[in-house]
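*Asks:*
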Ligand SMILES: [Fe+2]
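Numbering (our numbering), first residue to last: 353 to 773.
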């Protein structure tokens with residue numbers, strides 16, 4: 353069933369409209385009485401009654417269990433990326449889409465592809481392998497109108513890509529048997545604190561403090577406003593490609609600390625003091641190589657990275673700030689998705705950072721995410737030793753594929769150009 357929300361008169365009443373039924377009118381709190389939420393550290397609590405018992409997705413509303421103890425820390429798992437089994441031209445996936453009467457279309461040169469006209473639950477293993485490769489190449493692949501995809505089918509697809517991550521601090525669905533599902537939820541009772549963050553700070557990759565942070569991640573929105581709450585994805589391949597060779601080499605030599613403490617602290621502030629797992633900090637390479645594409649990607653984000661190891665603080669802060677701004681500013685390698693209810697986004701957390709927007713308060717937004725673990729991040733040195741071939745630079749590979757040599761080194765004579773629409 354599709355649910356849409358429409359906000360009338362800005363902040364007065366909210367209509368929750370089930371398709372084909374009379375709208376239910378629900379009073380929303382005043383602007384001041386809504387809980388002020390820092391979306392930078394939000395962990396999925398609900399503040400208020402929720403959308404009511406006739407809400408069709410009540411089983412998937414966020415639930416925050418009170419625990420007596422945490423589970424032990426995660427250990428390294430053997431993970432083989434399904435992208436290794438893909439056809440290089442995604443021929444099985446493309447044939448399946450075509451035979452379904454659907455289409456595959458790129459949304460930008462570097463990042464984003466959308467698939468229309470298929471039912472994801474009907475995808476076979478060969479198509480899934482090709483999809484794993486496509487996500488690794490394109491950063492994010494969208495599927496419109498996946499109204500019939502169940503959460504268990506979504507979990508099965510995620511588990512095909514890798515063992516599903518259980519979030520240490522986030523809410524899980526009320527249904528109770530879905531510890532490996534993250535609930536994305538906001539309503540009229542949680543008002544984003546627009547003073548709490550810069551927009552650049554919101555670009556992140558999920559749970560990068562884990563030993564094996566996620567790869568191909570699958571988010572399906574059940575309810576979304578008609579306008580607003582878009583999500584953006586920005587390519588780490590392109591951030592790397594945008595840098596000078598000396599700076600690339602410098603970053604390739606570095607590693608950074610990713611911390612889970614801030615996210616855990618924000619949860620304890622809401623009275624759920626004991627997380628599923630105690631917070632950890634993990635050191636990962638600043639430039640990682642995707643094991644399937646062999647492409648180098650900048651792998652830092654302001655949400656979880658606290659500092660670069662072995663460099664003075666001022667240098668670390670400046671480098672991280674520059675990379676944060678690079679993700680936020682590269683309009684040429686960012687895709688913005690305007691959600692409709694039932695849409696699915698599959699993104700590779702290894703090679704893109706993403707950011708929600710928080711412009712649609714007080715509209716209801718509700719989604720479910722499954723988050724497969726990927727390999728322990730590989731530095732350039734580790735990748736080249738393990739795979740016996742050089743890691744690659746995205747822009748060089750693109751130009752080679754077009755039969756173009758380059759790019760040429762800067763000769764210092766570049767002239768300022770004019771602006772063009
Ligand atoms: Fe996220």
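By construction, the Cβ of each residue, glycine as well, lies at the ideal position given by its N, Cα and C atoms.
What's the C-alpha gap between residue 587 and residue 494?
*Replies:* Near 15 Å, if we compare the C-alpha coordinates of residue 494 and residue 587.
*Asks:* Determine whether the beta carbon atoms of residue 491 and residue 433 lie at a separation below 9 Å.
*Replies:* No. Outside cutoff.
*Asks:* Against chain B, with Cβ distances strictly below 9 Å, would residue 599 count as a contact?
*Replies:* Among the chains of the structure shown, chain B does not appear; only one protein chain is present.
*Asks:* With DSSP as the reference, label residue 581 as helix, strand or coil.
*Replies:* Of the three classes helix, strand and coil, the one that applies to residue 581 here is coil, per DSSP.
*Asks:* So, for residue 486: in the same chain, excluding its five sequence neighbours on each side, which residues have a beta-carbon less than 7 Å away from its beta-carbon?
*Replies:* Once the five neighbours on either side are set aside, the close Cβ partners of residue 486 are 442, 445, 465, 493.
*Asks:* Decide if residue 540 is buried, meaning its Cβ has at least 16 other Cβ atoms within 10 Å, or exposed.
*Replies:* When all chains shown are included, residue 540 counts as buried.
*Asks:* Which residues in the same chain have their Cβ closer than 7 Å to the Cβ of residue 642, if we skip the five residues on either side of it in sequence?
*Replies:* Here the set comprises 488, 649, 702, 703.
*Asks:* Measuring CA to CA, which of 532, 639, 628 is closest to residue 721?
*Replies:* Among 532, 639, 628, the Cα nearest to that of residue 721 belongs to 532.
*Asks:* Report whether the distance from the Cβ of residue 545 to the nearest heavy atom of ligand 1 is below 8 Å.
*Replies:* Because no heavy atom of ligand 1 lies under 8 Å away, the Cβ of residue 545 does not count as near it: no.
*Asks:* Closer than 8 Å to a non-hydrogen atom of ligand 1 - does that hold for the CB of residue 519?
*Replies:* No - ligand 1 has no heavy atom lying nearer than 8 Å to the Cβ of residue 519.
*Asks:* Looking only at its own chain, which residues have a Cβ that is under 6 Å from the Cβ of residue 501, when we skip the five neighbours before and after it?
*Replies:* Only 472, 473 meet the Cβ criterion.
*Asks:* Whose C-beta lies closer than 6 Å to the C-beta of residue 538 among residues of the same chain, with five residues either side of it excluded?
*Replies:* So the list reads 717, once near-sequence residues are dropped.
*Asks:* Have a look at 699, 470, 436, 724 and flag the residue whose alpha-carbon is nearest the alpha-carbon of residue 449.
*Replies:* Of the listed residues, the one whose Cα sits closest to residue 449 is 470.
*Asks:* Does the region 586-602 come into contact with the region 674-682, if we say contact requires no fewer than three beta-carbon pairs (one atom in each stretch) closer than 8 Å?
*Replies:* A contact exists between the region 586-602 and the region 674-682.
*Asks:* Taking 8 Å as the cut-off, is the C-beta of residue 708 nearer than that to any heavy atom in ligand 1?
*Replies:* At least one heavy atom of ligand 1 is nearer than 8 Å to the Cβ of residue 708, so yes.
*Asks:* Need the endpoints of the alpha helix (DSSP H) that residue 637 sits in, please.
*Replies:* No alpha helix (DSSP H) contains residue 637, which is instead part of the beta strand (DSSP E) from 633-637.
*Asks:* How many angstroms separate the CA atom of residue 607 from the CA atom of residue 403?
*Replies:* Rounded to the nearest angstrom, the two C-alpha atoms are 44 Å apart.
*Asks:* Looking only at its own chain, which residues have a Cβ that is under 8 Å from the Cβ of residue 339, when we skip the five neighbours before and after it?
*Replies:* The question about residue 339 has no answer here: the residues shown for the chain are numbered 353 through 773.
*Asks:* Starting from residue 672, trace the alpha helix (DSSP H) in both directions and tell me its first and last residue.
*Replies:* First-last of the alpha helix (DSSP H) with residue 672: 665-681.
*Asks:* Under 9 Å between the Cβ atoms of residue 603 and residue 644?
*Replies:* Against a cut-off of 9 Å, the Cβ pair of residue 644 and residue 603 comes out as no contact.
*Asks:* Check whether the region 693-712 and the region 559-576 are in contact - that is, three or more C-beta pairs closer than 8 Å.
*Replies:* Touching, per the Cβ criterion.
*Asks:* Look at residue 424 and residue 629 and say whether their C-beta atoms are less than 9 Å apart.
*Replies:* Yes, Cβ-Cβ distance for residue 424 and residue 629 is below 9 Å.
*Asks:* Grab me the residues of residue 530's own chain with a C-beta within less than 7 Å of its C-beta, minus the 5 sequence neighbours each way, in chain order.
*Replies:* So the list reads 503, 524, once near-sequence residues are dropped.
*Asks:* Considering only residues of the region 702-742, which uninterrupted alpha helix (DSSP H) runs meet the minimum length of 4 residues and lie entirely inside it, listed in chain order?
*Replies:* Runs found: 732-739.
*Asks:* Please go through the region 429-466 and give each complete beta strand (DSSP E) segment of 3 or more residues, from N-terminal end onward.
*Replies:* Those beta strand (DSSP E) runs which fall completely within the region 429-466 and span 3+ residues are 455-458.
*Asks:* In the DSSP assignment, find the beta strand (DSSP E) that holds residue 695 and state where it starts and stops.
*Replies:* Counting along the chain, residue 695 falls outside any beta strand (DSSP E), and DSSP gives it neither H nor E.
*Asks:* Look at the alpha carbon of residue 437 and the alpha carbon of residue 481, and state the distance between them as a whole number of angstroms.
*Replies:* About 6 Å.
*Asks:* Thinking C-beta only, is residue 723 closer than 9 Å to residue 528?
*Replies:* Their beta carbons are not under 9 Å apart, which means residue 528 does not touch residue 723 by this criterion.
*Asks:* At which residues does the alpha helix (DSSP H) containing residue 477 begin and terminate?
*Replies:* First-last of the alpha helix (DSSP H) with residue 477: 477-490.
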